[in-house]
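Scroll down for the structure; my scribbles are underneath it.
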Amino acid sequence: MMGRGLLGIEDLDRDDIELILDTAQHMKEVGEREVKKVPTLRGRTIINLFFESSTRTRTSFEIAGKRLSADVVNFSPSSSSLSKSESILDTAKTLDAMDPDAVVVRHQVAGVPKRIADVLDAPVINAGDGAHEHPTQALLDLMTVVENKGRVDGLTVTIVGDIAHSRVARSNVYAFTKMGAEVRVAGPPTMMPVEVESLGVKAFTSLREALDGADVVMALRIQRERLSGSMLPSVREYNATFGIDRAKMRFAKDDAIVMHPGPVNRGVELSHDLTDDRPSVILDQVRNGVAMRMAVLYLLAGRKRSRNEEAS
Ligand code: CP
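Below, the structure is given as structure tokens:
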């Protein structure tokens, strides 16, 4: 289904996404049991290889692996031989020689998970690479919308913020358009990729127009680490123009939900009360992250084949 790993939503078709969503729904039921563990991946090994900081993704991949009874190894770059100038690819090949069944990679540079996947036997799961893709985030976002709205097809989804530097935006644009939603993006012109409409979305610099009639409003984190000074309006100006609060939510549908991948800059992308309370579904997203990562690990770590087997 996903070839030799999950590097991006761009590579998936609608059937792939539906299979992953169905699998995640079953996995969610495991997480609701008193004993949240099944033997599905017993004897399998998963390595978390995070070169960039993470709370939600790294922890939920670890919990997901453990709920499936896999052995989960959290590789720490700072205390590894990377500090003795070993290259990332040599590090990855060294870990692959220990025969893991899946390697989960986050890196601040776009394309690193793909480069690693090209030299590994184990399937590689992209846990976020630079401004490129964050596929499991988009999948858990789809799952959260289906839970709250009953469908994705025909919904209007408005993504607000730093579209140009957001891997979450890119993966969600692919995910929601493939599943039949109308996707709108809104943000300051400096944060809007050139020719963004070629991705099948409608682009707005007026938040009011972008929110008009929206079913789902997704605010994005300001990516300070990926922005140069001239691209970032003052925080006060950004919040006044593109920050989401209850007053601005009146432009969206009455039953619209608010999403954010986290971490939230409170009072910048989202008002404090919207961060904490309905219609925000932020903690639903986090909760679904475990089930979604269980589904992806189940579909990939249970089926490792060597390059030689694939070639023959
Ligand atoms: N949404 C997300 O990727 O959060 P973390 O950086 O905490 O993993």
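For what it's worth, the working numbering labels the leading residue of the sequence shown as 9, then goes sequentially.
Every residue, glycine too, gets a C-beta built ideally from N, C-alpha and C.
Close-in-space but distant-in-sequence residues of the same chain around residue i (CB under 7 angstroms, 5 per side omitted)
{"i": "Asp253", "result": "Ser279 and Leu282"}
{"i": "Val204", "result": "Ile171, Val193 and Ala211"}
{"i": "Ala130", "result": "Asp104, Pro108, Asp109, Ala110, Val111 and Lys312"}
{"i": "Asn347", "result": "Residue 347 is absent from the structure shown; the chain starts at 9 and stops at 320."}
8 angstroms Cβ shell around residue i - same chain, five flanking residues per side excluded
{"i": "Ala139", "result": "Ala118, Ala172, His173, Ser174, Arg175, Arg178, Gln231 and Arg234"}
{"i": "Leu128", "result": "Ala100, Lys101, Asp104 and Val111"}
{"i": "Met200", "result": "Ile171, Ala172, Val193, Ala211 and Thr213"}
Alpha carbon of residue i to alpha carbon of residue j, nearest angstrom
{"i": "Thr213", "j": "Val202", "result": "13 angstroms"}
{"i": "Tyr182", "j": "Asp23", "result": "14 angstroms"}
{"i": "Gly136", "j": "Arg114", "result": "5 angstroms"}
{"i": "Gly251", "j": "Gly270", "result": "15 angstroms"}
{"i": "Glu217", "j": "Lys186", "result": "23 angstroms"}
{"i": "Val272", "j": "Leu219", "result": "20 angstroms"}
{"i": "Arg66", "j": "Leu20", "result": "23 angstroms"}
{"i": "Leu207", "j": "Glu18", "result": "11 angstroms"}
{"i": "Ser84", "j": "Gly310", "result": "24 angstroms"}
{"i": "Phe69", "j": "Ala299", "result": "9 angstroms"}
{"i": "Ile55", "j": "Ala32", "result": "21 angstroms"}
{"i": "Val225", "j": "Met106", "result": "43 angstroms"}
{"i": "Ala78", "j": "Ala222", "result": "41 angstroms"}
Assigned exposure category for residue i - 16 Cβ within 10 Å defines buried
{"i": "Leu307", "result": "buried"}
{"i": "Asp262", "result": "exposed"}
{"i": "Ser288", "result": "buried"}
{"i": "Arg75", "result": "buried"}
{"i": "Gly297", "result": "buried"}
{"i": "Asp149", "result": "buried"}
{"i": "Gly158", "result": "exposed"}
{"i": "Val80", "result": "buried"}
Closest Cα partner of residue i within the set the options
{"i": "Pro196", "options": "Glu190, Ala222, Tyr246 and Met151", "result": "Tyr246"}
{"i": "Phe58", "options": "Glu42, Ser86 and Asp292", "result": "Ser86"}
{"i": "Ile290", "options": "Ala255, Arg229 and Met302", "result": "Arg229"}
{"i": "Glu155", "options": "Met267, Thr63 and Leu97", "result": "Met267"}
{"i": "Val165", "options": "Ile265, Met35 and Leu49", "result": "Ile265"}
{"i": "Ser242", "options": "Val168, Gly51, Lys256 and Val276", "result": "Val276"}
Spatial neighbours of residue i in its chain, beta-carbon cut-off 6 angstroms, leaving aside the 5 residues before and after
{"i": "Phe259", "result": "Arg216, Leu219 and Asp220"}
{"i": "Val209", "result": "Val181, Val191 and Val193"}
_Report the start-end ranges of each beta strand (DSSP E) in the segment 169-222 that is 3 residues or longer and not cut off at the edges._
190-194 and 210-212
*Counting only runs of 4+ residues fully inside the segment 80-110, write out the alpha helix (DSSP H) ranges in chain order.*
96-104
*Taking the runs of the beta strand (DSSP E) that are 3 residues or longer, which of them lie wholly in the segment 34-63?*
53-58
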